[in-house]
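*Asks:* According to my numbering, the sequence shown is numbered sequentially starting from 49. Don't be surprised by glycine CBs; every beta carbon is placed ideally from N, CA and C.
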Amino acid sequence: MSNSLGEFFRITVFGESHGSGIGVVIDGCPAGLEISREDIQKAVDRRKPRTGAGQTARREPDEVEILSGIFEGRTTGAGLALMVRNRDADSEAYRQTRLIPRPGHADYTAFIKYGGFNDYRGGGAFSGRVTVALVMAGAVALKLLKNMGVEILSHTRRIGSIQSEITEPDLVRRNVEGNPLRCADVSAAKAMQVLIDEAVKAGDSLGGIVECLVLNLPAGLGEPYFDSLEGQLARAYFAIPAVKGVEFGDGFKTAEKKGSENNDAFILAGSRIGTASNHAGGILGGISTGMPVVARIAVKPTPSIALPQKSINLKTLESEEIVVRGRHDSCIVPRAAVVVEAVTAVVLCDFALKAGVLKRVIK
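#1: From Pro266 to Gly330, what distance separates their C-alpha atoms?
#2: At which residue ranges does the stretch 285 to 311 contain complete beta strand (DSSP E) runs of 3 or more residues, listed in the order of the chain?
#3: Considering only residues of the same chain and omitting the five flanking positions on each side of Ser354, which have a CB-CB separation below 6 angstroms?
#4: Using the rule of at least 16 other Cβ atoms within 10 Å of the residue's Cβ for burial, across every protein chain shown, is Val242 buried or exposed?
#5: For the alpha helix (DSSP H) containing Val386, list its first residue and its last residue.
#6: Can you list, in chain order, the residues of its chain whose CB lies under 6 angstroms from that of Ala384, leaving out five sequence neighbours each side?
#7: Could you spell out where the alpha helix (DSSP H) holding Val220 opens and where it closes?
#8: Please report the straight-line C-alpha distance between Ile74 and Met339, rounded to a whole angstrom.
#9: Between which two residues does the beta strand (DSSP E) carrying Arg344 extend?
#10: Which runs of the alpha helix (DSSP H) fall wholly inside the stretch 224 to 294 and span at least 4 residues, in chain order?
#11: I believe Arg150 touches Val372 by the beta-carbon criterion, under 8 angstroms. Please report the beta-carbon distance rounded to the nearest angstrom.
#12: Between the Cα of Lys305 and the Cα atoms of Gly334, His327, Ser116, Arg177, which residue gives the shortest distance?
#13: If you draw a straight line from the alpha carbon of Ile200 to that of Ser359, how long is it in whole angstroms?
#14: Which residues does DSSP list as the beta-bridge partners of Asp75?
#15: Excluding the 5 residues flanking Pro351 on each side, which residues of the same chain have their C-beta closer than 7 angstroms to its C-beta?
#16: Could you give the distance in angstroms between the alpha-carbon of Glu55 and the alpha-carbon of Asp398?
#17: Can you name, in chain order, every residue of its own chain whose Cβ lies under 6 angstroms from the Cβ of Gln89, other than the five neighbours on each side?
#18: So the alpha helix (DSSP H) Val92 belongs to, where does it begin and stop?
#19: By the three-class DSSP mapping on this structure, what secondary structure does Met184 have?
#20: Based on DSSP bridge pairs, tell me the residues matched to Phe119.
#21: Using 8 angstroms as the threshold, is the C-beta distance between Thr302 and Phe314 below it?
#22: Does the pairing of the stretch 176 to 190 with the stretch 122 to 137 give three or more beta-carbon distances under 8 angstroms?
#23: How is Lys194 classed by DSSP in three states: helix, strand or coil?
#24: Please work out which residues of its chain come closer than 8 angstroms, Cβ to Cβ, to Pro491, disregarding the five sequence neighbours upstream and downstream, and give them in chain order.
#25: Report yes or no: do the stretch 61 to 75 and the stretch 170 to 177 share at least 3 C-beta pairs separated by less than 8 angstroms?
#26: From Ser325 to Leu192, what does the alpha carbon distance come to, in whole angstroms?
#27: Cutting at 8 angstroms between CB atoms, please list the residues of its own chain near Asp93, excluding the five before and the five after it.
#28: Taking the alpha carbon of Cys260 as the point to measure from, which residue in Gly163, Asp245, Asn311, Glu278 has its own alpha carbon closest?
So, in structure tokens, the structure goes:
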């Protein structure tokens, strides 16, 4: 099982949904970065469920503990270990159905791969709960990138059939924290909320799309062939539970275009080379162009729904009907947006260190 991501800025996550806690070890974090527990806590708090967004009733305090790597308010260059404890886990519902895999979850595949020894409670290591480790690592990475002038913005672009048409960074920055759905389009957010409320009443769930924008990223980041910027970002996005699709720039729409419509003409903006459009999403040949990186991440509907579903008893091999119990999000998209920011930052820090644009010591 691979629990690590990155090479120069490398993170390793640990923990299960209903275990003692969730944590991350960051290896390769530059020394001298000024960062506090409160900085990391603020990022973790953004991931917590928000009232009115169709999110889980599980209320974890998620109090960040710094185990190593920070001394007198600055990173030391040693391994940086961060952790939150699980305080509000209720495993009884999972014990009752441990041998009946929940449709849409990793229960069956984990059972087969690990011979039934996997922690089944709340999905174990396959739970979205583990993403709190990614957010803690992302808090450190985001602060490193801020020192470079790089900014990462994510917002809910779609939930179900409702799509926001706002993509301008200024509006995203201004509006995204103003509603529980993290949608930059206020009117679309209201329509999305109606959809979520209807799904909850029906015992169902909804998916959607998160859009991520990276601003002021220098040109030249990426290590083709197999460590391309797109490839490593996509790898990180697909590690987020419930992510089923990723595209950059115009993505799948490019299949409908001619080259003359899809190419981005190079222009001179002051002393800097840029492009007149950004159909490529800030990446060419797996390398950053200096234009904004634009990624969209498709998040599937939460598979834990209140409706009866068909499954198989792994002991008797007979068909059984399962009604999923426990506390679950009916729409995970708004919380996924925070996680997308975090893993984007982790990957970009790794590439920045490789390229030497991020130094080993911050002064």
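*Replies:* Reading off the structure:
#1: 10 angstroms
#2: 291 to 296
#3: According to the sequence provided, residue 354 is Ala. The question's Ser does not apply to it. These residues qualify, in order along the chain: Gly251.
#4: exposed
#5: 381 to 403
#6: Val258, Val347
#7: 217 to 223
#8: 29 angstroms
#9: 341 to 347
#10: 234 to 249, 277 to 286
#11: 6 angstroms
#12: His327
#13: 41 angstroms
#14: Arg58
#15: Arg150, Pro151, Gly152, His153
#16: 7 angstroms
#17: Val112
#18: 85 to 95
#19: helix
#20: Arg122
#21: no
#22: yes
#23: helix
#24: There is simply no residue 491 to check, as the chain begins at 49 and stops at 411 in what is shown.
#25: yes
#26: 28 angstroms
#27: Asp110
#28: Glu278
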